[in-house]
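As numbered in the working numbering, residues 898 to 1040 make up the sequence shown, in order.
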Amino acid sequence: FRPQNMIFIMYLMYHARRKTKIAQKLPKELEEKVTSFQTFVIKHRKANSCKLSCIGNMDETPVNFDMPSNSTVNKLSEKSIFIKTTGHEKTHFTVVLTCMADGTKLPPMVIFKRKLMPKVKFPNGIVVYVHEKGWMNDNGCMI
């Protein structure tokens, strides 16, 4: 580093501000619940002769089209700091990731909140789906 860079970094450390994050607290009886769930799944898997490749874990997560930075450079005494955005920070699409109990990862699925499929060519290996409300339903699971 040159001295000028170090001064800038120190300036940022003193003046940069970040959004506050709120995290969920884990339940006190977490280990007991996890063990109970595992016992339940193993029991039903054996009772129904279900293969590991037929048991999956799926998670949907929203991804914003516009993700404004969560830090700014300003004086610490400022009460409010305005960040310029495109106005689409609340517009999002849903990404669905799925893995099977045997370790197989299914291709990622992208769900757009709209009625008609976009006419854009998407990369290979991604499943694209549209839904009026922008989330997964029975039809999306069948793709």
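For glycine and all other residues, C-beta sits at the position ideal for the given N, C-alpha and C.
By the 16-neighbour rule on beta-carbons within 10 angstroms, T991 is buried. About 5 Å separates the CB atoms of M1014 and V1027; that is less than 8 Å, so the two are in contact.
DSSP, read as helix, strand or coil, puts F1009 in strand. Here V992 carries a strand assignment [DSSP, helix/strand/coil].
For the 9 Å CB-CB criterion, D956 and T995 form a contact. For L927 and G1031, the gap between their C-alpha atoms comes out near 31 Å. In the same chain as P959, and ignoring 5 residues on each side of it, the C-beta atoms closer than 7 Å to its own belong to H989 and T991, in chain order. Fully contained in the stretch 933–992 are the following beta strand (DSSP E) runs of length 3 or more, in chain order: 953–961 and 968–970.
In the structure shown, V1017 adopts coil according to DSSP, grouped into three states.
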